[in-house]
Amino acid sequence: MHFSPRATCGFSSCPRWLPPPRASCSSWEPRSRAQRIPMQLLILLLLYAVVCANFCSRQGTTAPAQSGSIKALRSSNIRRDESNHLTDLYRKEETISVAGNGCIHSPRFPSSYPRNLLLTWRLHSPESTRIQLAFDNQFGLEEPENEICRYDFVEVEDLSETSTVIRGRWCGHKEVPPRITSRTNQIKITFKSDDYFVAKPGFKICYSLVDDFQHAASETNWESVTSSVSGVSYPSPSVTDPTLTAEALDQTIAAFDTVEDLLKHFNPDSWQEDLENLYTDSGHHYRGRSYHDRKSKVDLDRLNDDVKRYSCTPRNYSVNLREELKLTNVVFFPRCLLVQRCGGNCGCGTSNWKSCTCVSGKTVKKYHEVLKFVPEAGHPRRKGRTRNNMALVDIQLDHHERCDCVCSSRPPR
Numbered sequence: 001m002h003f004s005p006r007a008t009c010g011f012s013s014c015p016r017w018l019p020p021p022r023a024s025c026s027s028w029e030p031r032s033r034a035q036r037i038p039m040q041l042l043i044l045l046l047l048y049a050v051v052c053a054n055f056c057s058r059q060g061t062t063a064p065a066q067s068g069s070i071k072a073l074r075s076s077n078i079r080r081d082e083s084n085h086l087t088d089l090y091r092k093e094e095t096i097s098v099a100g101n102g103c104i105h106s107p108r109f110p111s112s113y114p115r116n117l118l119l120t121w122r123l124h125s126p127e128s129t130r131i132q133l134a135f136d137n138q139f140g141l142e143e144p145e146n147e148i149c150r151y152d153f154v155e156v157e158d159l160s161e162t163s164t165v166i167r168g169r170w171c172g173h174k175e176v177p178p179r180i181t182s183r184t185n186q187i188k189i190t191f192k193s194d195d196y197f198v199a200k201p202g203f204k205i206c207y208s209l210v211d212d213f214q215h216a217a218s219e220t221n222w223e224s225v226t227s228s229v230s231g232v233s234y235p236s237p238s239v240t241d242p243t244l245t246a247e248a249l250d251q252t253i254a255a256f257d258t259v260e261d262l263l264k265h266f267n268p269d270s271w272q273e274d275l276e277n278l279y280t281d282s283g284h285h286y287r288g289r290s291y292h293d294r295k296s297k298v299d300l301d302r303l304n305d306d307v308k309r310y311s312c313t314p315r316n317y318s319v320n321l322r323e324e325l326k327l328t329n330v331v332f333f334p335r336c337l338l339v340q341r342c343g344g345n346c347g348c349g350t351s352n353w354k355s356c357t358c359v360s361g362k363t364v365k366k367y368h369e370v371l372k373f374v375p376e377a378g379h380p381r382r383k384g385r386t387r388n389n390m391a392l393v394d395i396q397l398d399h400h401e402r403c404d405c406v407c408s409s410r411p412p413r
């Protein structure tokens, strides 16, 4: 009995009851193995594709949702008012009685300061003294925008019973603010940071107490020589540097509001006698033309007070209604009206007073009744007749009720 497998087998003696050797018989089960291997690979590839697609789709949908929830959380925690200013500020005000040396600084100085802060320090020293501020060299806040400190800044103000003068506002890190000496015995320091985090050290300010009279003398090298005019004693300027001496004396006088206080400062023991000698005819000193019209020291005090009270005030200002309301298709009668707007100069007699500006501290809208003309389009003008729509209307114009004097030791930031 003959088997066809033996003919194909490479061995001459293959028993009938044994299967052909696998190493030499290539004709046994070639199709079934070739089909099984691709099928297994195909199944594995399909499983891999399904798992990968599942995983990637989950990743793609989860990430945006997470980032969206974070953004929503941040936006919900940050509240702003109508002017887009932060309302969730941590506010704290502290009053310090200056009796010696001390320091204040931004939180965590010299590490990065926190966000959303509004901190105020009010420094008070005894009468006839002033306060000197010195900034630490490691100064750094958020950079200005267009040279204006809008976001993070430290601000120093001189305080008195009649006025508040901004000595400066600083930010960035390119230069350390200068040394500042108050003009009175009160000074205010304000630090503000917004919701944007910056890796800057902040600031540190050391304050010290200086005697009013001795401070001016040490700054300008006044000599210990005094002379008297009409009984008033004052330091004589140094011969080597009269300009600096005059400026320093001028700054000293700027700190006083009345003649009485000024004379008390120069000569505490005989100021009353000095005051009487100012208004007597004794002596051969030149008197101004208006001298004999003065009756008392009140005149000088009033003149000094008038400068502070009326230099920066609301005053009459005429505005063109079409320009003010930005309307080009109507005409008004009267064409112009008077409104109250801040005007004049301010800060006269203070250092860098030319950088002071008079700005509105409170603005209100007031109604004015005027005659409004609206020309009718498409109707030619006839002789002796003008086709116009006329009506009495109320318009609103801005009026400044209060004016503030804003000064800075450098261009406003």
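Just so we're aligned, residue 1 is where the sequence shown starts under full-length UniProt numbering, counting upward by one.
From the three backbone atoms N, C-alpha and C, an ideal C-beta is built for every residue, glycine too.
Given the structure is predicted, the values throughout are model-derived calculations rather than measurements.
| Query | Result |
| --- | --- |
| Beta-carbon proximity check, THR192 vs ASP136, cutoff 9 angstroms | Sequence check: residue 192 is Lys here, not Thr. No, the Cβ-Cβ distance between LYS192 and ASP136 is not below 9 angstroms. |
| C-alpha distance - residue 415 paired with TRP121, whole-angstrom precision | The requested residue 415 does not occur in the structure, where the chain is confined to residues 1 to 413. |
| Beta-carbon contacts of THR95 that lie in its chain and below 6 angstroms, excluding the five residues immediately before and after | ARG122 |
| Option nearest TRP170 by Cα separation, candidates LEU262, GLY361, PRO107 and VAL156 | VAL156 |
| Spatial distance of VAL330 from GLU323 (CA atoms) | 11 angstroms |
| Exposure of LYS372, with buried meaning 16 or more beta-carbon neighbours within 10 Å | buried |
| Beta bridge counterpart(s) of VAL154 as assigned by DSSP | TRP170 and PHE191 |
| Bridge-paired residues (DSSP) for GLY100 | DSSP, once it has assigned bridges, lists no residue as partnering GLY100. |
| C-alpha gap between ALA254 and ARG183, whole angstroms | 7 angstroms |
| Close-in-space but distant-in-sequence residues of the same chain around ARG167 (CB under 7 angstroms, 5 per side omitted) | VAL156, GLU157, ASP158, ILE180 and SER409 |
| Rounded separation between SER355 and THR164 - CA only | 15 angstroms |
| For LEU325, three-class secondary structure by DSSP | helix |
| Residue span of the beta strand (DSSP E) that contains VAL359, given as start and end | 357-375 |
| Close Cβ partners of PRO177 (< 6 angstroms) along its chain, the five nearest in sequence each way excluded | PHE135 and TRP170 |
| Same chain only: Cβ atoms within 8 angstroms of LEU262, ignoring 5 sequence neighbours per side | ILE253 and PHE256 |
| Sheet register partners of GLY344 (DSSP bridge) | DSSP lists no partner for GLY344. |
| Local conformation of PHE197 per DSSP, three classes | coil |
| Neighbourhood of GLN138 by C-beta, 6 angstroms cutoff - its chain only, sequence neighbours within 5 removed | PRO110 and PRO201 |
| Backbone CA spacing between ASP398 and ASN320 [nearest angstrom] | 13 angstroms |
| C-alpha distance - TYR196 paired with ARG115, whole-angstrom precision | 7 angstroms |
| Which residues DSSP lists as bridging SER318, in chain order | LEU338 |
| Candidates LEU327, LEU338, THR313 and VAL374: closest to GLY361 by CA position | THR313 |
| Cα-Cα separation, PHE333 to LEU325 | 14 angstroms |
| DSSP three-state assignment for GLN40, whether helix, strand or coil | helix |
| Reduced DSSP secondary structure (H/G/I, E/B, other) of GLU145 | strand |
| Residues that DSSP places opposite LYS204 in a beta bridge | HIS105 |
| Per-residue DSSP class, three states only, for SER228 | Interpretation of SER228 is limited by its pLDDT of 30, a score under 50 that renders its predicted location unreliable; no figure is taken from the coordinates. |
| Supposed close pair ASP301, THR258 - CB separation, criterion 8 angstroms | 5 angstroms |
| Burial state of SER106, where buried means 16 or more other Cβ atoms lie within 10 Å | buried |
| Counted within 10 angstroms of its Cβ, other Cβ atoms place TYR48 as buried (16 or more) or exposed | exposed |
| Segment limits, beta strand (DSSP E) that includes VAL331 | 331-333 |
| Exposure label - TYR207; buried when at least 16 CB within 10 Å | buried |
| Bridge-paired residues (DSSP) for TYR48 | According to DSSP, which records beta bridges pairwise, TYR48 is partnered with nothing at all. |
| ASN277 (DSSP reduced to helix, strand or coil) | helix |
| ARG315 beta carbon less than 9 angstroms from that of GLY347 | no |
| Same chain only: Cβ atoms within 6 angstroms of HIS124, ignoring 5 sequence neighbours per side | SER97 and GLN186 |
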